[in-house]
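Novice: The structure under discussion is supplied below as structure tokens; questions concerning it will follow.
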Amino acid sequence: MDSIIFDVDGTIWNSTDVVAQAWNEVLEKEKIDIRVTADQLKGLFGRLLPDIAKAILPDQTEAEQLRIIDLCCHAEHELLREKGAPVYEGLEDTLRELSKRYPLFVVSNCQAGYIELVFEKAGLGKYFTGHLCPGDTGEAKAANIQTIAKKYELKAPVYVGDTFGDYQACQEAEVPFVFASYGFGQVDTPDYVIEKPMDLLTLF
């Protein structure tokens with residue numbers, strides 16, 4: 001193992017309360033009689049945004065789903081820039097130590113600008129060498145993991161995430177998967193399991 005790639009939501013921080021608030025404000029403004037909860041978002045985060053939009057707005061046309069989710073993302077950025085979101089306990093101390101030993105990266109299925117916002121609000125950008133998301137590349141997680149590996153000449157990266165979608169992406173990208181069990185999802189057959197961020201220090 002020569003490098004570590006991280007997911008964001010459910011792995012680095014938990015933004016679901018703030019995101020639910022922002023999205024519900026948009027839905028109310030657009031006169032759509034649907035509301036989302038933080039728990040509901042935990043089950044959706046990790047998917048590509050068009051898939052999330054389809055799950056939340058099943059009765060809307062695809063074009064309308066994409067329009068609404070774009071408004072939601074803009075509102076989410078504004079509220080997160082104002083409020084931030086809680087970083088998991090011990091995460092920054094873990095990144096500080098790991099970054100002395102390995103290059104660290106972020107690959108998330110999020111919109112453009114979201115990872116930079118996380119770095120800004122949580123003060124974590126200094127620990128990471130690079131990052132990618134579908135908003136930057138138009139590609140999903142597996143392809144972005146492979147792109148990061150190629151760009152930075154990584155020979156043996158591992159990926160830390162918290163959902164079955166993360167696991168599937170790692171299978172496709174052919175990188176070992178570390179399951180952050182403190183996050184949002186459930187994975188039955190990961191390569192490794194951590195119960196808290198600081199477990200990474202003993203794992204690697």
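Each step along the sequence shown adds one to the number in the numbering used here, with nothing skipped, and position 133 is 133. The beta-carbon is built from N, C-alpha and C at its ideal position, and this holds for glycine as well.
DSSP three-state call for Phe164: helix, strand or coil?
Specialist: helix
Novice: When you compare the CB positions of Ser15 and Ala85, do they come within less than 8 Å of one another, or not?
Specialist: For Ser15 and Ala85, yes; Cβs fall inside 8 Å.
Novice: How about Asp7 and Asp166: do their beta carbons lie closer than 8 Å?
Specialist: yes
Novice: Any heavy atom of the ligand FMN within a distance shorter than 7 Å of the CB on Tyr192?
Specialist: The ligand FMN is absent from the structure shown, which contains no ligand whatsoever.
Novice: Going by DSSP in three states, Leu203 sits in which element: helix, strand or coil?
Specialist: Of the three classes helix, strand and coil, the one that applies to Leu203 here is helix, per DSSP.
Novice: Check whether the Cβ atoms of Gly180 and Ile145 sit closer than 8 Å, and answer yes or no.
Specialist: In the sequence as presented, Gly is not what sits at residue 180; that position holds Ala. No, they are not a contact pair.
Novice: Just list the alpha helix (DSSP H) runs in the segment 97-124, keeping only unbroken ones of 4 residues or longer that don't cross its boundaries, in chain order.
Specialist: 114-122
Novice: Name the one or two DSSP bridge partners that Gly46 has.
Specialist: DSSP, once it has assigned bridges, lists no residue as partnering Gly46.
Novice: Measuring CB atoms only, is the segment 15-27 touching the segment 88-100, in the sense that at least three cross pairs come out at less than 8 Å?
Specialist: no
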